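Enquirer:
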Ligand SMILES: [Zn+2]
Ligand SMILES: [Zn+2]
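Numbering (our numbering), first residue to last: 895 to 1113.
(1) Evaluate residue 1072 with the Cβ neighbour count: other Cβ atoms within 10 Å of its Cβ, from every protein chain shown; 16 or more gives buried, anything less gives exposed.
(2) Quick one: Cα of residue 980 to Cα of residue 953, how far?
(3) Taking the alpha carbon of residue 974 as the point to measure from, which residue in 1064, 957, 1096, 937 has its own alpha carbon closest?
(4) Helix, strand or coil, according to DSSP, for residue 911 in the structure here?
(5) Taking 7 Å as the cut-off, does the CB of residue 1070 come closer than this to any heavy atom belonging to ligand 2?
(6) For residue 966, does the three-state DSSP call read helix, strand or coil?
(7) Out of curiosity, what's the CA-to-CA distance linking residue 1024 and residue 1010?
(8) Measure the CB-CB distance between residue 1018 and residue 1030 and report whether it falls below 8 Å.
(9) Beta strand (DSSP E) containing residue 1088: first to last residue?
(10) From residue 1036 to residue 903, what distance separates their C-alpha atoms?
(11) Given a cut-off of 8 Å, decide if residue 990 and residue 919 are closer than it, judged by their beta-carbon atoms.
(12) Nearer than 7 Å: is that true of the beta carbon of residue 1105 relative to any heavy atom of ligand 2?
(13) For a minimum of 4 consecutive residues, which ranges assigned as the alpha helix (DSSP H) are wholly contained in the region 986-1030?
(14) Can the beta-carbon of residue 911 be found less than 8 Å from the beta-carbon of residue 944?
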């Protein structure tokens, strides 16, 4: 998983050339200079087009190397280690800016998923519906873990899973179908049914829905 250590996402780096806040960017996979990785998934780069380093860089590089390029100032997270990144246009790296808040959320979701997968192994003995429901309803979670979670629904025999599942929009029809197969079994095991008119869960033998008062066909 990318961004495994989000602690640096709270870091604020300020460019010593322009005093502007530096952008948090996804590191390019290869360090062009020596063929090694940066050792970090994130780099802080000053993308200020008015930064003196960047403005003067064009002239300096042109004079020194007869090459149309400039520099951007870069710092590695968790350190004051800095580098000058050669760029051929002002747009370089602007496409790899990441939003630290979004990354943190993504990380948190991933950690919760990992925890739910772990808790799945003991969910039946602990009668814990939470990890099962979390995985079933998390569209970003691993599909085979979600399928596994569905397979525990019957054993857990907890009717409170029905409403959240019914109200969820599944992207995988396969998963939705698996849930739709289990819910009637779960209801039946508890002598319940869903009212076909208002979808409230009611007694299996009810002839009239106590919620919407509709008369029900007995099966
Ligand atoms: Zn700067
Ligand atoms: Zn009803």
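Glycine residues also receive a C-beta, built at the ideal position from the N, C-alpha and C atoms. Since this is a predicted model, take the numbers as computed values, not measurements.
Expert: So, from the listed chains and residues:
(1) Your numbering for residue 1072 matches position 178 in the chain shown. By the neighbour-count criterion, in which 16 or more other beta carbons inside 10 Å mark a residue as buried, residue 1072 falls on the buried side.
(2) Walking along the chain shown from the start, residue 980 turns up at place 86. Walking along the chain shown from the start, residue 953 turns up at place 59. Spanning the two alpha carbons is a distance of roughly 13 Å.
(3) Residue numbering aside, residue 974 sits at position 80 when the chain shown is read from its first letter. Comparing Cα-Cα distances from residue 974 to each of 1064, 957, 1096, 937, the minimum goes to 937.
(4) As a first step, residue 911 must be located in the chain shown, where it is residue number 17. Note: residue 911 maps to coil in three-state DSSP.
(5) Position 176 of the chain shown holds residue 1070. Flag unset: Cβ of residue 1070 not near ligand 2.
(6) As a working mapping, residue 966 is identified with position 72 in the chain shown. Taken through DSSP and simplified to helix, strand or coil, residue 966 comes out as strand.
(7) The sequence position of residue 1024 within the chain shown is 130, counting from 1. The sequence position of residue 1010 within the chain shown is 116, counting from 1. Straight-line Cα distance between these residues: approximately 8 Å.
(8) Counted from its first residue, the chain shown places residue 1018 at position 124. Counted from its first residue, the chain shown places residue 1030 at position 136. No, they are not a contact pair.
(9) For the purposes of this step, residue 1088 is identified with residue 194 of the chain shown, where counting begins at 1. From DSSP, the beta strand (DSSP E) with residue 1088 extends over 1086-1088.
(10) As a working mapping, residue 1036 is identified with position 142 in the chain shown. As a working mapping, residue 903 is identified with position 9 in the chain shown. Looking at the backbone, the Cα of residue 1036 and that of residue 903 are separated by about 25 Å.
(11) Along the chain shown, read from residue 1 onward, the residue named residue 919 stands at position 25. Along the chain shown, read from residue 1 onward, the residue named residue 990 stands at position 96. A contact, by the Cβ cut-off of 8 Å.
(12) Taking the chain shown and counting its residues from 1, the one referred to as residue 1105 is at position 211. Result yes, Cβ under 7 Å from ligand 2.
(13) Correct list: 994-1014.
(14) As a first step, residue 911 is located in the chain shown; it is residue number 17 there, counting from the start. As a first step, residue 944 is located in the chain shown; it is residue number 50 there, counting from the start. Contact: no.
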